[in-house]
Structures are given as C-alpha cells and as structure tokens.
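Here the protein sequences line up with chains A and B, keeping their order. The first sequence begins at 1 in the working numbering and counts up by one. The second sequence begins at 1 in the working numbering and counts up by one.
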Amino acid sequence: MKLTLRIWRQSSADQPGGYQSHRLEHVSSDLSMLEALDQLNEQLISSGERPVSFDHDCREGICGSCGFLVNGQAHGPRAATSVCQLYLREFSDGAELTLDPWRAKAFPPIQDLMVDRASFDRLVAAGGYCSTGTGQAPDGNAMPVGREQATSAFSTATCIGCGACVASCRNASASLFVAAKLAHLGQLPQGQPERARRADAMQRQMEAEGFGSCSSNLECEAVCPQEISADWISWMHRERRS
Amino acid sequence: MTNGLPDPKIPAGPLADAWRRTREGLPLISPLRKGQMDVLVVGTGLAGASAAATLAQQGYRVTVLSFHDSPRRAHSVAAQGGINAARSVAVDGDSVSRLFADTLKGGDFRAREAGCQRLAEISSDIIDQCVAQGVPFAREYGGSLATRSFGGALVSRTFYARGQTGQQLLYGAYQALMRQVELGRVQLLTRRDVLELITVDGVARGVVARHLLSGELEVHTARSVLLCTGGYSNVYFLSTNALKSNTSAIWRAHRKGALFANPCFTQIHPTCIPSGDVFQSKLTLMSESLRNDGRVWLPKNPRETRQPDAIPEEERDYFLERMYPTYGNMTPRDVASRRARELCNSGRGVGPGGRSVYLDLTDAIKAEGKGAIAARYGNLMTMYERISGDDPYKKPMRIYPAPHYTMGGLWVDYHLMSSIPGLFVLGEANYSEHGANRLGASALMQGLADGYFIAPSTVTAWLAGTPAQDVPTDHSACREALESTRRRISQLINSEGNTPVDSFHRQLGSVMIDRCGISRHADGLREGLEQVKALEQRFEAEVRVPGEASGPNAELEKALRVKDFFGLAQLMLRDALAREESCGAHFREEHQSVDGEARRDDLNFAHIASWEHTSGGEPICHSEPLQFTALQPSTRSYK
C-alpha cells in the first residue's frame, strides 16, 4: 500500500518544530506503525536526511516506551492497543496520517516524536511502592488474597506507563496513572500500612510536576492500551479525603 | 588459575544447604562503612533493579545506568508465563530436590550442580519477597497462591500474574528501586549506553557511558561493577527480544579479559508468531503456558489446502503428543522447536511459505468456555489478534520457533564474579544455571535470585576482602577507555558508505539463524564464520551512520551494537563448531540417534567452554569440567 506520513519534526526542545510530509510508496499492510517508520527512516538515511526520532523497544505493547498521536488520537484509532501493535491494515491504501508527540507541560519535548516522561518515575518515587526490604518478607501465603481482589489489583497494576492518558487529557492530568498505582497497592493487604501516606504523596507530586487536574472527560480511559478504568480516579479522590 | 580459569569457588561438602553454609562464612562490612563505598549497576531488568535496590538498602552508594528512559522499560517486562518456585504443595509433592533435578536435567547436564541447587533453594524466598512488594500473583478462591505447569516439569510450580508475570515482578523491583532513589541512596542515570569497561590493575573499576540525548561520553567509577544487561538473542536480528537489547556491555568486558562461556547455547522458543515482511522488526512470543491448554498439530497431508477447522481429527498429526507420550505438548522448548522445524522443512508446515504449525485451543475453549481461557491468557490472545489479524478464539494460532533466550554469557564463579575481579554479572548476561537449555519460567527465578539474594552477599564479600582507593575520573585507565570509545564512534560517524545499519543487521541475522540456529553442522558453521567475517568487512566499508556524535542519534546507537554483534557472532560459530556433540538447544546434525534425538558426549564435553579474547589472534578455549555428585547424567528423555 501507499502511505503519507505527516510528522512533527523538531530537532530539539529549544528549536521551533513543524510538520514535514513523507511518502512511502510500497509498504506492506502487515507492518506495524513503528515498522513503517523504520522503513521511512531507511529511506531518509539513504537520501541523506535526518531519520525520525521516536521511543520504542519491546514492540509487543508491554514496555510502554512508544507512544505518539496518530491523527490526533493517542496510540491511533484502535482501542486497547499501543502504537507498536497498531498495524497498517487498519488504514486504507493511500491514507495520510499525521503523527504528533505527546504534548504536556510535564512531558518536555526531546526530538520529533520523543518526549521526556521522567516525571512518571518521580511520581512512583514519591510513594508508589510498599516499603519492604529484601529478606524481610513473611510467607507469601500468610496473608490470603481472594481471587477477585487479586484480579482487581492486577487489572490496575498492568499500567505500562506510556503516558497516553496524559497526552489525551485536555488538562494533561496524570490522574489515571496515579490512581492505577494507588488502586493496585491500596487493594492488597500488603499496601495497607502506607495507604493514606501514599495517596497523599503521589497526588502532591502530581501537582508539583505540573500535571493538571481531572475534569472527568474520560479520554484517558478511552486511549489506555491496558484498558484501565477511569472509575479508579473517583476511587482515588475518595482515598485522599479518608 | 587452573586450566587458564580462575577458581570457580564451588563449595565443598554436601550439595544441599551449601549456599547457606557459604553465605554464613562470607565476610561482612559494617553498615557505616558501606555508605562510603560505591557500586555501579548496569541495567534495570529483574537482576539489575533487584540488585540495585538491595545493595542500596544495605547502605551502599549505588549508581544505576540504563539505556531506557525509565528503569521500568527493561525487557524483563515482557516475560509472560511465570516464575518457578519449589514450594511444597501436598498434592503433587514438589520439592527443592525435584526443581534442582529438573533444572539440571532440563539443561542437559551442562550446568554446575551447585548453582542449580542454590537456585532451587532460593526459589521460594523469591515468591515471598515479591508478594511482600505487592506483586498481584494469581490466587485460588481460598486466597492462596495459584500455580500452573510449564514445559520440562511434571509438577505445577509456576507462579504467575496472567500472561504478564515479568511485568509485575519487574514493577515490584522497579518500585523498590525508586524508593531507594527517593531515599537518596541510588543515583539513577537513564538514557545512558555503556560502551566500555574500565579496569585498573586488572580490577573492574568503572564504565564509559554515552548519554543518549547529549551524546556526551561520561566516565563512572566505583569499587565494583555489576553487569545486568540481559541476553544477546538480537544477534539473530529477528528475535523475541526488545529491539535495543544488545551484547555491548558484556562483549566489551569480554574484550577486556572477561571469559565468555558457552556462547553457542541459545534458545529458540517454539511458540512465536511467524515472520512475514522483510521490514518486520521482531518476532513476538506466545507464552509456553499456552501449551497447558493448547495442542500443537499439523495436517497429515503435506499438500493440505483446507482451513484448519475443515480438517477432520483423523487427518491431523498432534506430533508432540505422538512422539513424546509422557510430556506431550509440554516437552521442553528445544525439543518442540526442533520437531516443528523438521516437519516444516519436510514440507508439512502451514501458512505462508509453510513456515508454521498450529497451536490449537479449541478443545480447551469447548471444555472450559471462552471466559476461562480469556482469564488465563487474555493479553496473549489480544496480542496475537493485533499482529496476525486472526481471531485465536475462532481459528488455531499459527506459530513458529524464534530466538528467545541465551544461556551462554560471561563466565562467572559461584559468587557471580567474572574472570575480571570486581566485575559481577547477573541474570541472563551470565552463563549460569540453565546449562544447554533453560526451562520455562526459570529465567525470572534466576534473575531475581541473583539480584535479591546472591549478589548482595557476594559483592559485600568481595569489597570486604579488597581494600582499594577511589579511582579519579581522570585516571589514565579512564582516559584511555574514553579515548578508545571516542575513536570507535568517530570511525562509524566518518564511514562513507550508503547502507543503513539495519540492512547489515538483517543479513547477519539471516546467516546466524541459518548456520547457528535450531540445527547446526560443521560445514555450515565454517561457512557461517566466513560469511560473518566478510559481512563485517562490508559493514565497516559501506555502512552509513547519519548525523553527529553529539545529540540524539539512534543510528549511531544501532551501529555500535551491531559492530559488537559481529564479534560475538563469530565466537558463537566457533563455539558451536568446537562442541562436537548435541546437547540441549545445541543440536549438531552429526550427533543424533537414529530417531533424531540429541546425542550427548559426556566423556569429552561435560564442560563449560570458556573463551578468552586475544588481540589479533584466535580466541582460546578453556574448559571448566563439570562434576555431578547428586544426580548422575542420564539421557534426557521426554518420551
């Protein structure tokens, strides 16, 4: 198939950026979006142009490295899919796709489609853990965890930290990311001792990083590759009051 | 040194409990002194993150380097199926000795028994540790930990979190690491590629790293260096590894004197989504756990054109069940891969080019319902559907073997120290307990055993016994390492060719999978060696690395990695050629029984082949003999 990629090109944070259109004349519809960018980059290198920068690694939807907007949608049009798992067969022959980086105050631009998401690590550092050291663990079966409870905790623990929730939120809020971590640990017995402190610390850090607040537009839930429910944001708001 | 090898420090006395005895005899360091000692940890996967968090908890000043933007991205995150642990469950009678025996046998008696024993003994503590961190393992209705079974084992000892076990274990270690960052005990340096090891008087004292955004070269020095940088399956270009997984840190250490053990032991995983277009960049694994409920088959008729659901039962060949009645679909990975390849080569494969076999969940879906299967493997089913465009609930999956894990790696002693004093190697990066073939769900166990439990004790012992001065970053050894790294970069940047790096990497991969993949023979290996040498020369003359050494330059990152893969590839081929036997994942066509099973040669090859780099000349092989006291080598049969 043929494809036109209209890509946001920006050499560094202090330089202005702009769109540049690139054409792929023969590309297989069985390739992923990122493989199409690989093919484009080989083309650009051979013609002496600077290849497009984008973060990626595992290419199976689990490392959370990749992420950009495809025609304005975080990770593209397919639900529950990160952009490395988005295949060109989703698009019609000759389609034009506009690719933009995540745009948020707390995700400063680096180059082209690459942004700095270190703020997510700082959110976790603020309290997204159980304070237990190596070698201090009791028997894993000492504290029973019911199957439903374990499954529910797991469903929030699956967040891959890609940042799509922030990028799709008009307030660039990290509420879904923070709520997911609070709900993961807050639903398990191991997470109880620090539950209130964790909720407070992570939400304070979220404000300090310049993420916005939640105004319940639910875009985050719609784009989340792991389908984490925005109901956990309401759950988080109740946590803080308690 | 004996046989040119350092003392492997294997404990004397009875095997059982040897690790506890060793640990209790190791010297300690006062917590106050630890605060004045710094340790470098390279890599933040299961091994690196767990080691860094634990060393920091003990009081060391830890610096962590990762090429990712966040430690949470490390490729351990992609491990799907589970983690083994021997916990006595009354029903199936599992025990430490069974896990020990399965690991040693699974590795076809090419690992040290003391290491396998230690792994089995530690395994249960790992589960407790992860539970305490909040890892949401699957549970039974009564609230106890649930298990499932994996290939090469007849008991159910694999603990799991749906098909995302690696992700959940990694996040446990990552969160523990970030807590230490917050406490100020870990300096976290992301987007750094480690390109050279720094040794002072033969002792590992630091690394040269390239900052991947600024392009600046940095020197980091410490009292000890831990390489936790994963495996080298990407030498095959197409593999289940993440695209940036590479051999550079361990390869540069090898060039500086670290022995490389059994480089040819590479695991080709039987159940992956097959390749298609030339621009396909990776092969995606479908967890082995699917074989719990899935049946592997091919049509009996080699010219079959019907859709799978139109082929009646009596015209299907469930070949693993037929050939291995005891283990059936749960035969170990090497055996399953080899059989699938043989049948596809004989023209019975399905799908484009006949390069795949069916993995069929129909019976399980019929028996238990779609909901039960989705609960067990939901994310895998979705992943398959995204990539292939087919619905695996309606149509059998098509799978084919793909490079997945490397048992070979830097030689380490029982303390996980390489042949360079002060250089520790953890997780997949070392050669260790998996011998010639790793069993499913044992990689996570080994990475975490190394990081949480073994290295923290043995690194301390090393530091306690080795007083040393700080190495200033302008030390002559640092300046030399910096200069040689700078030269390598400018050679690549100044290359005047016109061919992108990936094009060479693809060709290297195709030679390696062909010559040094599932099945190997002497002529092919010799030809492979010539092909790789020729390709490396072409790479040097014809590669194009656009852009500058400063600033982000993904092509330069790739070029540096591929250059190191060329060196490693040649060592793999030599090692495969020298090992004139079939064992585990290393199948030499010259050495097989009449029914096509591997023929091991314990008389001549019950050893770890440890390669020494020589500048200019051919590498030298030192053999570490393997001794078996607790379990005598037997023919590995899964029939």
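From the three backbone atoms N, C-alpha and C, an ideal C-beta is built for every residue, glycine too.
D601 of chain B and V335 of chain B have their C-alpha atoms spaced approximately 18 Å apart.
Straight-line spacing of the CA atoms in D575 of chain B and L97 of chain A works out to 48 Å. Inclusion of G440 of chain B and G106 of chain B in the CB contact set at 7 Å is not warranted, their separation being larger than that value. Listed as beta-bridge partners of Q267 of chain B by DSSP are B:Y405. At the C-beta level, A209 of chain B and E218 of chain B come within 7 Å of one another. About 5 Å separates the beta carbon of L492 of chain B from that of A559 of chain B, a gap short enough to meet the 8 Å contact definition. Secondary structure note for Y19 of chain A: its beta strand (DSSP E) is the uninterrupted segment 18-24. Counting other Cβ atoms within 10 Å of its Cβ, T81 of chain A reaches 16 or more and is therefore classed as buried. Closer than 7 Å to the CB of E42 of chain A there is at least one CB belonging to chain B. A Cβ of chain B is located within less than 7 Å of the beta carbon of N141 of chain A.
For W102 of chain A, the three-state secondary structure derived from DSSP is coil. DSSP, read as helix, strand or coil, puts Y87 of chain A in strand. Per the C-alpha coordinates, the member of B:E542, B:E555, B:V532 positioned closest to L571 of chain B is B:V532.
For F107 of chain A, no CB of chain B lies under 7 Å from its own CB, so it is not counted at the interface with that chain.
By the neighbour-count criterion, in which 16 or more other beta carbons inside 10 Å mark a residue as buried, S615 of chain B falls on the exposed side.
Pairwise C-beta distances place the stretch 416-424 of chain B in contact with the stretch 190-203 of chain B, as three or more of them are shorter than 8 Å. With 16 or more other Cβ atoms from the protein chains shown falling within 10 Å of its own Cβ, D293 of chain B counts as buried. Taking 9 Å as the upper bound on Cβ-Cβ separation, chain B lies near residues Q226 of the stretch 213-228 of chain A. If you compare the alpha carbons of B:V62, B:A569, B:A161, B:T485 with that of K256 of chain B, the shortest gap goes to B:T485. Distance check between R72 of chain B and each of B:V96, B:Y60, B:A56, B:A47 places B:A47 closest, using alpha-carbon atoms only.
Burial check for A36 of chain A: the Cβ neighbour count within 10 Å reaches 16 or more, so the residue is buried.
Close partners of I7 of chain A in chain B (Cβ separation under 8 Å) are lacking, with about 15 Å as the shortest Cβ gap. Cβ-Cβ distances below 6 Å link S593 of chain B to R599 in the same chain, with the five nearest sequence neighbours on each side left out; the list follows chain order. Comparing C-alpha distances from Y232 of chain B to each of B:R223, B:S245, B:L226, B:A222 shows the shortest one belongs to B:S245. Not a single C-beta of chain A is nearer than 7 Å to the C-beta of V42 of chain B.
Within the stretch 125-157 of chain B, the residues whose Cβ lies closer than 9 Å to some Cβ of chain A are D125, I127, D128, Q129, C130, V131, A132, Q133, G134, V135, P136, F137, A138, R139, E140, Y141, G142, G143, S144, L145, A146, listed in chain order. Taken through DSSP and simplified to helix, strand or coil, F605 of chain B comes out as helix. DSSP places W462 of chain B in the uninterrupted alpha helix (DSSP H) bounded by 455-465.
Residue environment for H26 of chain A: exposed (fewer than 16 other C-beta atoms within 10 angstroms of its C-beta). With a threshold of 16 other beta carbon atoms within 10 Å, D108 of chain B meets it and is buried.
Contact holds between the stretch 151-161 of chain A and the stretch 180-199 of chain A, because three or more Cβ pairs, one in each stretch, are under 8 Å apart. Under the three-state reduction of DSSP output, S490 of chain B falls in the helix class.
Your pair W8 of chain A and P108 of chain A does not check out as a contact, with CB atoms roughly 14 Å apart and the cut at 8 Å. Residue pairing by DSSP places Q15 of chain A opposite no residue, since no beta bridge is assigned to it. According to the DSSP assignment, S248 of chain B belongs to the alpha helix (DSSP H) that extends over 248-255.
For P11 of chain B and S432 of chain B, the gap between their C-alpha atoms comes out near 16 Å.
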